[in-house]
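Asks:
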Amino acid sequence: ARFFSGDYQAAVAAFDRALERDPSAVYLVTWRYWAAVRAGREQEAKAWLQQHREHVKQSSEWVDHLVGFLTGEIDQERLLQLAEAAEPDARPARACEAHFFIAERCQQAGQSEKAAQHYRQAVETRQRHLSAYRGARLALDASGKSTQ
11 ARFFSGDYQA AVAAFDRALE RDPSAVYLVT WRYWAAVRAG REQEAKAWLQ QHREHVKQSS
71 EWVDHLVGFL TGEIDQERLL QLAEAAEPDA RPARACEAHF FIAERCQQAG QSEKAAQHYR
131 QAVETRQRHL SAYRGARLAL DASGKSTQ
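Counting from 11, one number per residue, gives the positions in the sequence shown under my numbering.
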């Protein structure tokens, strides 16, 4: 909630507390990264992500791929290939998350049109239960590009 309301400093603290309480919630690692980046703490976010990489690798192959994308170890094309290679039941959710995080990276780089395309693709997966879906909808609504 704090992330989507724009209170990124508080979101970082909330993600830290949640990960402390439940270290197995590795999916929060990527959200904690973006909260720190949006709070203006990109270098710290990158260092923190690297510190937690081994735990992520042991816990979730998919989250490790997302972390690999965030650290620049894999590019967006590879991330999308990995999402597509998932079991059929997992593909839509992984595509949603992949497109959302690609959009975030594009937005960070000032590529708002490209970001909007990826946010739209995340929404098109209809994975309403995912934070990535909700984040993509909010980003499109905020930019006024949701119907374009």
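C-beta atoms are modelled at their ideal positions from N, C-alpha and C, and glycine is treated no differently. None of these values were measured; they are calculated from a predicted model.
Three-state secondary structure (DSSP) at A20?
Replies: Helix at A20.
Asks: For A125, I'd like the list of residues in its chain whose CB is within less than 6 Å of its CB, leaving aside the five on either flank, ordered along the chain.
Replies: Excluding positions up to five away in sequence, the list reads A113, C116 and Q117.
Asks: Answer yes if the region 33-49 comes into contact with the region 120-138, meaning at least three C-beta pairs across the two stretches below 8 Å, and no otherwise.
Replies: The answer is no - the region 33-49 does not touch the region 120-138, with fewer than three Cβ pairs under 8 Å.
Asks: With H, G and I counted as helix, E and B as strand and the rest as coil, what does DSSP make of I84?
Replies: The answer is coil: DSSP assigns I84 none of H, G, I, E or B.
Asks: Taking the C-alpha atoms as reference points, what is the distance between A152 and R31?
Replies: Taking the straight line from one Cα to the other gives about 33 Å.
Asks: Take Q131 and list the residues in its own chain whose beta-carbon comes closer than 7 Å to its own, dropping the five residues that flank it on each side.
Replies: For Q131, where only same-chain residues beyond five positions count, the Cβ hits under 7 Å are H109.
Asks: Would you check whether the ligand MG has a heavy atom nearer than 6 Å to the C-beta of Q60?
Replies: What this structure holds is no ligand at all, so the ligand MG is not there to describe.
Asks: Verify whether the separation of the beta carbon atoms of A142 and E94 is less than 7 Å.
Replies: The answer is no: Cβ separation not under 7 Å.
Asks: Assuming Q60 and T81 are in contact, meaning their beta carbons sit under 8 Å apart, how far apart are those beta carbons, in whole angstroms?
Replies: With a Cβ gap of about 7 Å, Q60 and T81 count as contacting.
Asks: How far does the alpha helix (DSSP H) with F110 in it reach, from first residue to last?
Replies: R101 to Q118 is the extent of the alpha helix (DSSP H) around F110.
Asks: Within a Cβ cutoff of 8 Å, which residues of the same chain sit near A49, ignoring the five residues on either side of it in sequence?
Replies: So the list reads Y18, Q19, A21 and V22, once near-sequence residues are dropped.
Asks: Taking a contact to mean a Cβ-Cβ separation below 7 Å, would you say F79 touches L90 in this structure?
Replies: Against a cut-off of 7 Å, the Cβ pair of L90 and F79 comes out as no contact.
Asks: So F13 and A45 are in contact, right, with Cβ under 8 Å, and what is the actual spacing, rounded?
Replies: The pair is a contact, with the Cβ atoms about 5 Å apart (cut-off 8 Å).
Asks: Assign Y143 to one of three DSSP states: helix, strand, or coil.
Replies: Helix at Y143.
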